[in-house]
Structure formats: structure tokens, C-alpha cells
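J.: For the sequence shown, the positions run 64 to 600 when the numbering used here is used.
Every residue, glycine too, gets a C-beta built ideally from N, C-alpha and C.
Since we're looking at a predicted model, the values are computed, not measured.
For reference, the structure I am asking about is given below.
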Amino acid sequence: MNGITYPNPVGLCGKIDPLLSGTSAFANLGFGFIEIGPVTLSKETNPATPVVIHQEEQIIFPSPLESAGLERTVKKIKGVHKKQPFLFRLTGTEEEISTMMDTLSPYADGYVIHSDDPLPISNGTKPVFIINPTMDRAENMDRNGIEGFLFEYNDNLTLLETLSDFRKAFLSMTIIASGAIHEPAQALSLLENGADFILLSDGYVFSGPGLPKRITEALMDEIDAPRKAQSGWLSYWFFGLFIVLGGLLALIFSLTSVMLSYDEFYLGMTKDSIYLFNERIIPFMAHDRMTLAGTMISGGIVYCQLAYHGVRNGLLWAKQAIDLAALTGFLGIFLFIGYGYFDWLHLLFWLLLLPFHVHGWIRTKGIYGTPSSGNRRNHKGWAHSLQGQLAFVLLGFSFLTGGIVISYLGITSVFVPTDLLYLCMPPEMLSDFNDKLIPVIAHDRAGFGSALFSVGLLVLTLSLWGFQQGNRWVWRTLLIGGIPAFFAGIYIHFAIGYTTFIHLLPAYFALSLYVFGLIRSYPYFHLTKDESQPYQA
Numbered sequence: 064m065n066g067i068t069y070p071n072p073v074g075l076c077g078k079i080d081p082l083l084s085g086t087s088a089f090a091n092l093g094f095g096f097i098e099i100g101p102v103t104l105s106k107e108t109n110p111a112t113p114v115v116i117h118q119e120e121q122i123i124f125p126s127p128l129e130s131a132g133l134e135r136t137v138k139k140i141k142g143v144h145k146k147q148p149f150l151f152r153l154t155g156t157e158e159e160i161s162t163m164m165d166t167l168s169p170y171a172d173g174y175v176i177h178s179d180d181p182l183p184i185s186n187g188t189k190p191v192f193i194i195n196p197t198m199d200r201a202e203n204m205d206r207n208g209i210e211g212f213l214f215e216y217n218d219n220l221t222l223l224e225t226l227s228d229f230r231k232a233f234l235s236m237t238i239i240a241s242g243a244i245h246e247p248a249q250a251l252s253l254l255e256n257g258a259d260f261i262l263l264s265d266g267y268v269f270s271g272p273g274l275p276k277r278i279t280e281a282l283m284d285e286i287d288a289p290r291k292a293q294s295g296w297l298s299y300w301f302f303g304l305f306i307v308l309g310g311l312l313a314l315i316f317s318l319t320s321v322m323l324s325y326d327e328f329y330l331g332m333t334k335d336s337i338y339l340f341n342e343r344i345i346p347f348m349a350h351d352r353m354t355l356a357g358t359m360i361s362g363g364i365v366y367c368q369l370a371y372h373g374v375r376n377g378l379l380w381a382k383q384a385i386d387l388a389a390l391t392g393f394l395g396i397f398l399f400i401g402y403g404y405f406d407w408l409h410l411l412f413w414l415l416l417l418p419f420h421v422h423g424w425i426r427t428k429g430i431y432g433t434p435s436s437g438n439r440r441n442h443k444g445w446a447h448s449l450q451g452q453l454a455f456v457l458l459g460f461s462f463l464t465g466g467i468v469i470s471y472l473g474i475t476s477v478f479v480p481t482d483l484l485y486l487c488m489p490p491e492m493l494s495d496f497n498d499k500l501i502p503v504i505a506h507d508r509a510g511f512g513s514a515l516f517s518v519g520l521l522v523l524t525l526s527l528w529g530f531q532q533g534n535r536w537v538w539r540t541l542l543i544g545g546i547p548a549f550f551a552g553i554y555i556h557f558a559i560g561y562t563t564f565i566h567l568l569p570a571y572f573a574l575s576l577y578v579f580g581l582i583r584s585y586p587y588f589h590l591t592k593d594e595s596q597p598y599q600a
């Protein structure tokens, strides 16, 4: 539009951040463009604060708004990694506005000027938008360099009527609508009634930072473009399947022999000898290996689901989730070097998985699809889903933290105090018995930590990028994917009698987040359309 490429038609109004304290952050929150300002030649302050009317979900901003001033604005903008167009709202005399245009030209993609301010002579290089002109003013002004209008009203009906009238009168002009946008339905209504772009203001504050994403997903849902199956998804699916099979195999070993022949060869003794020395060592090793097995099965299920429902349908975020988690999983093999016990079976498994992931990665390099959603309203199910989403985000971060801590233990001290209480002996006695025993245990710990970190990335990305209304497969993925890890991790502790509360507290906390997230997000994921539902603040 106007020779400028906008990622999407949803922008952020400058009133939200007139002093540019959060511009760098806002640039990463899904906006198609950002309005900067108001910008004045000198710094402007206003001791008045915005008036928040919670019942009406409205913010009355002070007039005039504060301004960082031209010099400070330039300094701030220089430090921003620009990802979308910037429109600068300018206020001042004709000479001041011309000066600001010249100074801001390297950073600006357009200018916004109030209809009451003098219009400078356009240099013809940047589009200019006029704020709230009357019909007479718009028809009689010199439109040289004027590319369009920006209308901002808090009343939705007034805004819609104005858009309709001006669109009929000025078919070729670009129109931006600002205000009265608290939910996707209102944004779609403005775009359908004449607006080319929208600016979020107080609605962004009340509805939260996910509003731009929800609007763009609703736009994609309105387009309803057919998707063809993306090649390469099957390789990713087999990648996940083999991880599930590997986890099942590890689960069988943890329930039966626990130690494999090459473990005994490395140790130079049988598991019976270890059992005679301390009957709790083998169950302790089984508990590490079963938790790893459950984590692998859970991770493999999530990989398969992302491949089939996400990558197959061309969703870029699903590919990114798989690649990110897989990369950290592959790198985890180097943790085994920490204590010197390199597992050749793990290496073979690594080499088996690598071709499938590489093939999937190559075949899906051109994937670019974005998600869609049937969500239009700020209804009760949506509000509850935010709580569920927060729970899963916290769960993902918890797994990441746990993975880092366990991996660190695996290459350093290996044991936590409750481990030694369960074993009833210090590490020195274990080393005196067999100096290779701790490296084997450390290997198990490092492997589990690496797997937990990868699963944490899967849960986190799925929670951040996959929460769209009607995405039943995401809810099923979280449900089915979580069962093996939680069941194996908690069951084995009770099976071997390692039930110290403080040791299991992280697992109980994670399980609580998991159950709470599933319950609170269920209605949202199983609701496809909500246009008929009334708006609920």
C-alpha cells in the first residue's frame, strides 16, 4: 500500500507509548506497523495522567499528549531493530513539521498530521495521512502528497459511519481507523466497512498483547484459503515415531533388566553384584531410565502431532517448533562427555533419527503458512483459555529449567541430597565400590535432562503459537503427550519407594499446571465459531 509493504493491517497507536519507552518490545508483538508520536520539535510534558474507565474498557488520554521531542525520538528510533513500517504523528507549525519530516525521513515510512495543523509542502517521498478531517475539509484541501486519512473515535458506531461515508467519497484514498477495537469482530467490521488499516489503542490495553495476533488469525480465517499437503511432513512424522519407539524400548528395559550388557561390560561387573552391594542402586537407575523413557514417548507424540496437523498443513510455527526442539535434542549427546561414559546405543539412535529430520527440514524450507482462528469475541471461553495458556507456558518454562538443572547435575555433582538419602550412602562409597558407577548414573541424568529440555521447548512453542480457537488437535496433543511423561515420572518413584515429598514437589507442581491448563483451555479449543455469542467484558 502506497509503495510500502505491511506485514498485516494491524498497527499500534502512538498514544500507548508516546515517550517510546517500549517501542523495541512492541516491534516484536505482531504489529503490521507502528505509529510513533506525537512528535514535537521540543520535548512536551503533561502532568495529567490517563483516565481509565474500567466498566466501559476505555482510556481517556490527556490532551495534549506528552512528546519525547524530535532529538530524543531520533535517538530512540535508531536503537530499534525495525521490523515493520513506522508512521510518525507530527504536531507543530508548518515550519516545524517540515523540519521534523526532513529529520525523520531516514526512519519514517509515512507521516500523520492532524487536520487542524498546517499542512507542509509535501516532498513527495513519504505518504501523509490527515487525522479526522471533516468532509468539507477533505474535499477542499490540496491533496498533493496526501495519501489518506486517519479517523480515531472511541464510539464504534461513529467510526463505522465515518468510514462508510469517506470510503464512498474517496475510493482511491487509504483509510486508517483507530479506537473502538477490543476484539477481532470489531476489527473485521472496520475493515469490511472501508478501513484499509486499523490502529489499536485502549482496546489493546484491556484485551491484552494477543489482540494483534487474534485479529490477523481471524483475517486468515475469513480468507479461508485452501491448503495443500506440504511435502516433507512425513519425514518429521517418522522422526517422532522413532522417538516414541525408542522411548517404549527404554521403558521395557527400565521395567525388566534395567542395565544392558554394554553397561555391565563398561562397569566390569553384573547388576547382581551391584545389587548385593546396595539393593537400592538398581531401582535408582531404573527410576532415571523410566523417567527418560516417559519423556521420550511424550516428546515423540508431540513431534508426530506437529508434523501431521501442523507441517502437513503448511504452518511455519509447527516446523519451527520441531526444528528448535530437535536441535537441542541432538546437541544433548555431547553432555555424555561430562563424565566420560559415551553410550554407543544412544549414538546409533542419534544417527537413525538424523536423516529423517534433515530430510524433513530440507523439504519444508519453503513453508510459510500462518495460523487462522474462528475466535471473534472476548467471550468467557477465551478469557479462561488465557489462564490455561499461562499454565502451559509456565509448564514449558518449568521443563526448560528442570532440563538445565538436571543436565548440569549430570555433568557435575550428579546427585541431589535426597538421592543420597535414598541410596543410604555418600558418592565416595559408590566410587570406592566401582569408580565407573557414577559416570553411568551421570549419563542417565544428562540424557534425561536433555530430553526434558527439548520437551520443554515443544510445550512452550505449542502454548505460545498454537493457541487458536477450535484447534482441537492442540488440546489433544497436550493431553495425550503429557500422560506418558507424568505417569512414568511419578509412578516409578512410588514403585521403588523414593517418595520424598520435596523431591517430588516439582513433579506435583508441573502436574497441577498440566491439569489446570487442560481444564481451562478445553472450551476454547473445542469452540469453532462464536459470532453469535454476546460480548462479555
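#1: For THR358 versus PHE455, is the C-beta spacing smaller than 8 Å?
#2: Near GLU210, which residues of its chain fall below 8 Å by C-beta distance, leaving aside the five closest residues on each side in sequence?
#3: Just grab the DSSP bridge partners of ALA35 for me.
#4: Pick out whichever of ARG206, ASP507, PHE462 has its Cα sitting closest to the Cα of ASP351.
#5: Following the continuous alpha helix (DSSP H) through GLY303, name the residue where it begins and the one where it ends.
#6: Determine the burial state of TYR577: buried for a count of at least 16 other Cβ atoms within 10 Å of its Cβ, exposed for fewer.
#7: On a CA-only basis, which of SER87, ILE345, GLY257, ALA370 is nearest ALA558? Give me that one, please.
#8: Within its chain, find whatever has a CB closer than 8 Å to the CB of PHE419; leave out the 5 residues flanking it on each side and keep chain order.
#9: Assuming VAL175 and PHE214 make a contact with CB atoms under 8 Å, what is their CB distance in whole Å?
#10: Can you tell me the Cα-Cα spacing of LEU318 and ASP326, whole angstroms?
#11: Is the separation between the beta-carbon of ASP284 and that of PRO72 shorter than 8 Å?
#12: Short of 6 Å in beta carbon distance, which residues of its chain neighbour ILE555, apart from the five on each side in sequence? Order them along the chain.
#13: Apart from the five residues on each side of it in sequence, which residues of its chain come closer than 6 Å, Cβ to Cβ, to VAL114?
#14: Suppose you measure from the CA of THR103 to the CA of GLY533; what does that come to, to the nearest Å?
#15: List the residues that DSSP assigns as beta-bridge partners of PHE192.
#16: Determine the extent of the beta strand (DSSP E) in which GLY74 is found, giving its start and end residues.
#17: Out of LYS291, ILE385, GLU159, ALA250, which one is the CA nearest neighbour of ALA281?
#18: Entirely within the segment 66-143 and at least 3 residues each: give me those beta strand (DSSP E) ranges in chain order.
#19: Thinking C-alpha only, which one of ILE194, GLY544, GLU107, TYR329 is nearest GLY459?
#20: Can you give the beta carbon distance from ILE553 to PHE516, rounded, assuming they're within the 8 Å contact cut?
#21: Go ahead and pull the three-state DSSP assignment for PHE151.
#22: Tell me the residue span of the alpha helix (DSSP H) that contains LEU568.
#23: Using 8 Å as the cut-off, can you tell me whether the segment 370-380 makes contact with the segment 433-453, which would need three or more C-beta pairs spanning the two stretches below that distance?
#24: State the Cα-Cα distance for the pair GLY93 and ASP482, rounded to the nearest angstrom.
#25: For GLY432, which beta-bridge partners are listed by DSSP?
#26: Starting from the Cα of PHE462, find the closest Cα among PHE412, LYS145, ALA570 and give me that residue.
#27: Comparing alpha-carbon positions, which option in GLY465, ARG343, ALA313, LEU486 lies nearest ASP568?
#28: What is the rounded straight-line gap between the Cα of ASP179 and the Cα of GLU202?
#29: Within 10 Å of its beta-carbon, does LEU443 have 16 or more other beta-carbons around it, so buried, or fewer, so exposed?
#30: With 16 as the cutoff for other CB atoms within 10 Å, does HIS245 come out buried or exposed?
#31: Can you give me the C-alpha to C-alpha distance between GLY142 and GLU98, rounded to a whole angstrom?
#32: With burial defined as no fewer than 16 other Cβ atoms inside 10 Å of the residue's Cβ, what is the status of THR279: buried or exposed?
#33: Give the straight-line distance between the Cα atoms of ASN441 and LEU408, rounded to the nearest whole angstrom.
#34: Measuring only the C-alpha atoms, how far is GLU491 from LEU387?
#35: Among the residues of its own chain, which have a CB less than 6 Å from the CB of ASN91, if the five just before and after it don't count?
T.: In short, the structure shows the following:
#1: On the sequence shown, residue 358 is found 295 positions in, with the first residue counted as 1. On the sequence shown, residue 455 is found 392 positions in, with the first residue counted as 1. No, the Cβ-Cβ distance between THR358 and PHE455 is not below 8 Å.
#2: Against the sequence shown, residue 210 aligns to sequence position 147. Leaving aside the five residues that flank GLU210 on each side, the residues in its chain whose CB is nearer than 8 Å to its CB run, in chain order, ASN65, GLY173, PRO190, VAL191, PHE192, MET236, THR237.
#3: Outside the displayed span of the chain (64 to 600) sits residue 35, for which this structure offers no information.
#4: Looking up residue 351 in the sequence shown gives position 288. Just measuring C-alpha positions, the residue of ARG206, ASP507, PHE462 sitting nearest ASP351 is ASP507.
#5: Position 240 of the sequence shown, counted from the start, is the residue given in the question as residue 303. In the DSSP assignment, GLY303 falls within the alpha helix (DSSP H) that extends over 296-318.
#6: Along the sequence shown, read from residue 1 onward, the residue named residue 577 stands at position 514. TYR577 comes out buried.
#7: Mapped onto the sequence shown, residue 558 falls at position 495. Answer by Cα proximity: ILE345.
#8: As a working mapping, residue 419 is identified with position 356 in the sequence shown. Closer than 8 Å at the Cβ level, and outside the excluded window around PHE419, lie SER298, TYR299, PHE301, PHE302, PHE305.
#9: The residue you call residue 175 lines up with position 112 of the sequence shown. The residue you call residue 214 lines up with position 151 of the sequence shown. Their Cβ separation, rounded to whole angstroms, is 11 Å, which puts VAL175 and PHE214 out of contact at 8 Å.
#10: Locating residue 318 in the sequence shown gives position 255, counting from the first residue. Locating residue 326 in the sequence shown gives position 263, counting from the first residue. Taking C-alpha positions only, LEU318 is separated from ASP326 by approximately 16 Å.
#11: Numbered from its first residue, the sequence shown carries residue 284 at position 221. Numbered from its first residue, the sequence shown carries residue 72 at position 9. Taking a C-beta distance under 8 Å as the contact criterion, ASP284 and PRO72 do not qualify as a contact pair.
#12: Taking the first residue of the sequence shown as position 1, residue 555 is located at position 492. Cβ neighbours of ILE555 beyond the five flanking positions: HIS350, MET353.
#13: Here residue 114 is taken as the residue at index 51 of the sequence shown, counted from 1. Around VAL114: ILE123.
#14: Working through the sequence shown from its first residue, we reach residue 103 at position 40. Working through the sequence shown from its first residue, we reach residue 533 at position 470. Taking C-alpha positions only, THR103 is separated from GLY533 by approximately 46 Å.
#15: Here residue 192 refers to the residue found at position 129 when the sequence shown is read from its first residue. DSSP output for PHE192 lists VAL175, GLY211 as bridge partner(s).
#16: Within the sequence shown, numbered from 1, the residue matching residue 74 stands at position 11. Taken as a continuous stretch (DSSP letters only), the beta strand (DSSP E) holding GLY74 covers 73-75.
#17: Residue numbering aside, residue 281 sits at position 218 when the sequence shown is read from its first letter. Of LYS291, ILE385, GLU159, ALA250, the residue nearest in Cα terms is ALA250.
#18: The DSSP assignment places 73-75, 96-102, 114-116, 121-123 as complete runs of the beta strand (DSSP E) inside the segment 66-143, in order along the chain (cut-off: 3 residues).
#19: In the sequence shown, counting from the first residue as 1, residue 459 sits at position 396. Ranked by Cα distance from GLY459, the first of ILE194, GLY544, GLU107, TYR329 is GLY544.
#20: On the sequence shown, residue 553 is found 490 positions in, with the first residue counted as 1. On the sequence shown, residue 516 is found 453 positions in, with the first residue counted as 1. Not confirmed; about 20 Å, so no contact.
#21: Indexing the sequence shown from 1 puts residue 151 at position 88. In the structure shown, PHE151 sits in a strand (DSSP, three-state: E or B).
#22: Here the question's residue 568 lines up with position 505 in the sequence shown. Bounds of the alpha helix (DSSP H) holding LEU568 are 564-588.
#23: Remark: three or more beta-carbon pairs, one from each stretch, lie closer than 8 Å, so the segment 370-380 and the segment 433-453 are flagged as touching.
#24: In the sequence shown, the residue the question calls residue 93 occupies position 30. In the sequence shown, the residue the question calls residue 482 occupies position 419. If you take the alpha carbons of GLY93 and ASP482, they lie about 46 Å apart.
#25: Position 369 of the sequence shown, counted from the first residue, corresponds to residue 432. The secondary-structure analysis by DSSP pairs GLY432 across a beta bridge with LEU378.
#26: One-based indexing of the sequence shown puts residue 462 at position 399. Selected option, being the one with the closest Cα: ALA570.
#27: As a first step, residue 568 is located in the sequence shown; it is residue number 505 there, counting from the start. According to the sequence displayed, residue 568 carries Leu and not Asp. Nearest of GLY465, ARG343, ALA313, LEU486 to LEU568, Cα basis: GLY465.
#28: Taking the sequence shown and counting its residues from 1, the one referred to as residue 179 is at position 116. Taking the sequence shown and counting its residues from 1, the one referred to as residue 202 is at position 139. In this structure, the straight-line span from the alpha carbon of ASP179 to that of GLU202 is close to 15 Å.
#29: The count along the sequence shown starts at 1 and reaches residue 443 at position 380. Residue identity check: residue 443 is Lys in the sequence provided, not Leu. The C-beta of LYS443 has fewer than 16 other C-beta atoms within 10 Å across all chains shown, which makes the residue exposed.
#30: Here residue 245 is taken as the residue at index 182 of the sequence shown, counted from 1. Buried.
#31: Taking the sequence shown and counting its residues from 1, the one referred to as residue 142 is at position 79. Taking the sequence shown and counting its residues from 1, the one referred to as residue 98 is at position 35. Taking the straight line from one Cα to the other gives about 16 Å.
#32: Locating residue 279 in the sequence shown gives position 216, counting from the first residue. So THR279 counts as buried.
#33: Here residue 441 refers to the residue found at position 378 of the sequence shown. Here residue 408 refers to the residue found at position 345 of the sequence shown. Rounded to whole angstroms, the gap between the alpha carbons of ASN441 and LEU408 is 52 Å.
#34: Taking the sequence shown and counting its residues from 1, the one referred to as residue 491 is at position 428. Taking the sequence shown and counting its residues from 1, the one referred to as residue 387 is at position 324. Approximately 39 Å between the Cα atoms of the pair.
#35: In the sequence shown, the residue the question calls residue 91 occupies position 28. The beta carbon of ASN91 lies closer than 6 Å to none in the same chain, with the five residues before and after it left out.
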